[in-house]
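Here's the structure we're looking at; comments come further down.
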C-alpha cells in the first residue's frame, strides 16, 4: 500500500534471522539444568553476575569463580569442622573471632531479609544497626555486673554460644512481615555478644580481643556477602553460622567439666 520495496524480505531471509534466535534458545535449554533458579532467599543470579563480571574485569578472577561453584554446603561444613578442630585448645580466641564474624554476618542477613520482605531498607538500616549496637552496650553493662560475682566461665560462655546459634536460626525463620521483630533480633544478638565480650575483656588482653573481633568482622562480611549467601542461600548460611557457635559451645562445655 505504501509501495515499500520488499525485494530482500524473502522466506530465506526470515529463516536466517530466526535461526540465530532458535540457536540461542536451544543452547539455553541444553544448559538450563546446570544452573540454579534465582530466588529471594537464594540469590544465585547475583553469584552468576559476579562470575561474569570477574571474567570481564582487569582483576581476572575467573579461575577463582570457577572453583567457587564447588563451595557447596558440604564444603563449608567440612571447613568449619576442620577449623574448629585445629583451634579447639584456644576456645576463647575462637569464640571472639567467630562472634566478630557472627555479628556482622547476621546484621547483613537481617538487612537482606528486611529488603526481601518489605522492598525498602534505606531509613530502616540505621535502626537495625542501632538496635545491634544498643544490644552490645546493654550486654557489656550486664557483663560488668557479672564480673563482680564468682563466675563459672565455661558454663556461661557455652550458654551464650548456644543461644547465638539459636538466634541465627530464628533470624532466617521467624522474620517475616513484623518490623519490630527485626529490631528485637538485632537487639538480642547484640546483647548476647556484648556479654561475651565483657567476659573476654577480663580474660584476654584488650588488644587481642579487639584484633580478633575486627578480623572476624572483616572476614565475616566478605564471606556472607560474596560467597555464602550467593552460593548456598540465606537459610543454609544461617544453619552454618549456627553450627559454628554450637561447636564453640561444646568446646566451652567440655572445658567447664574438666
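In our numbering, the protein residues as written are 46 to 303.
Even glycine gets a Cβ: it sits at the ideal position worked out from N, Cα and C.
Cut-off 6 Å between Cβ atoms - residues of its own chain near residue i, not counting five sequence neighbours on either side
{"i": "residue 183", "result": "236"}
{"i": "residue 90", "result": "83"}
{"i": "residue 116", "result": "276"}
{"i": "residue 81", "result": "89"}
Residues near residue i in its chain [Cβ-Cβ closer than 8 Å; skip 5 each side]
{"i": "residue 242", "result": "141, 144, 181, 184, 185, 188, 254 and 258"}
{"i": "residue 238", "result": "144, 147, 148, 180, 181, 184 and 209"}
{"i": "residue 138", "result": "132, 249, 253 and 257"}
{"i": "residue 390", "result": "As displayed, the chain neither begins before 46 nor continues past 303, which places residue 390 out of reach and without an answer."}
{"i": "residue 221", "result": "162"}
{"i": "residue 211", "result": "287"}
{"i": "residue 228", "result": "172, 173 and 176"}
Contact belief for residue i with residue j at Cβ below 8 Å, rounded distance in angstroms
{"i": "residue 219", "j": "residue 213", "result": "Incorrect: roughly 12 Å between the Cβ atoms, too far for contact."}
{"i": "residue 276", "j": "residue 146", "result": "With 8 Å as the limit, residue 276 and residue 146 do not qualify as a contact, their Cβ atoms being about 17 Å apart."}
{"i": "residue 206", "j": "residue 244", "result": "About 11 Å separates the two Cβ atoms, so there is no contact after all."}
{"i": "residue 209", "j": "residue 290", "result": "4 Å"}
{"i": "residue 151", "j": "residue 234", "result": "5 Å"}
{"i": "residue 192", "j": "residue 251", "result": "About 14 Å; that fails the 8 Å criterion."}
{"i": "residue 269", "j": "residue 153", "result": "5 Å"}
Beta-carbon proximity of residue i to residue j, cut-off 9 Å
{"i": "residue 177", "j": "residue 266", "result": "no"}
{"i": "residue 129", "j": "residue 292", "result": "yes"}
{"i": "residue 216", "j": "residue 158", "result": "yes"}
{"i": "residue 278", "j": "residue 87", "result": "yes"}
{"i": "residue 202", "j": "residue 136", "result": "yes"}
{"i": "residue 122", "j": "residue 288", "result": "yes"}
{"i": "residue 173", "j": "residue 85", "result": "no"}
{"i": "residue 55", "j": "residue 281", "result": "no"}
{"i": "residue 273", "j": "residue 204", "result": "no"}
Cut-off 7 Å between Cβ atoms - residues of its own chain near residue i, not counting five sequence neighbours on either side
{"i": "residue 92", "result": "275 and 276"}
{"i": "residue 200", "result": "301"}
{"i": "residue 170", "result": "156"}
{"i": "residue 283", "result": "154, 213, 214, 216 and 217"}
Contact test: residue i Cβ vs the ligand GTP heavy atom, cutoff 8 Å
{"i": "residue 155", "result": "As far as ligands go, the structure on display features none, and thus does not contain the ligand GTP."}
Short CB-CB distance (under 9 Å) between residue i and chain D
{"i": "residue 270", "result": "The displayed structure is made up of one protein chain only, and chain D is not part of it."}
**Report entry** Sequence ranges, alpha helix (DSSP H) only - wholly within the stretch 101 to 184, length at least 4
**Finding:** 107 to 113, 118 to 131 and 136 to 163
Requested in this report: May I have a chain-ordered list of the beta strand (DSSP E) segments no shorter than 3 residues that lie completely inside the stretch 65 to 99?
Outcome: none
**Report entry** alpha helix (DSSP H) segments (min. 4 residues) lying fully within the stretch 263 to 295
**Finding:** 274 to 277
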